[in-house]
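Have a look at this one:
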């Protein structure tokens with residue numbers, strides 16, 4: 004993992020930690036968005052091109068818990 008990817012990974016994790024809801028994420032840098040098709044229920048955000056952080060939010064008393072699935076180039 005390169006330095007840029009590692010820095011963005013840490014930044015995205017911080018953004019996820021501080022978000023009070025998934026709606027908050029859609030207004031942050033990193034192009035956070037829900038995936039479709041076989042990845043329905045998962046979310047993605049940009050790291051360094053072409054890599055993305057894939058995660059699954061699990062609702063816990065109104066606050067999302069985030070499970071990191073993978074860092075991948077899925078295109």
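In this note's numbering, the protein residues as written are 4 to 78.
Glycine is no exception: its CB is placed at the ideal position from the N, C-alpha and C atoms.
As the structure is a prediction and not an experimental result, all values here were calculated from the model.
Out of 71, 42, 59, which one is the CA nearest neighbour of residue 78? 42
With respect to the beta strand (DSSP E) encompassing residue 51, which residues constitute its N-terminal and C-terminal limits? It is not in any beta strand (DSSP E) - residue 51 carries neither H nor E in the DSSP assignment.
Can you tell me whether residue 60 is buried or exposed? The criterion is at least 16 other CB atoms within 10 Å of its CB, across all chains shown. Label assigned to residue 60: buried.
Kindly indicate which residue of 21, 38, 51, 52 has the alpha-carbon position closest to the one of residue 72. Answer by Cα proximity: 38.
Could you give the distance in angstroms between the alpha-carbon of residue 52 and the alpha-carbon of residue 29? Residue 29 has its alpha-carbon roughly 19 Å from the corresponding atom of residue 52.
Throw me the rounded Cβ distance for the residue 1 and residue 74 pair, which I believe falls under 8 Å. The shown model of the chain, from 4 to 78, leaves out residue 1, and the question about it has no answer.
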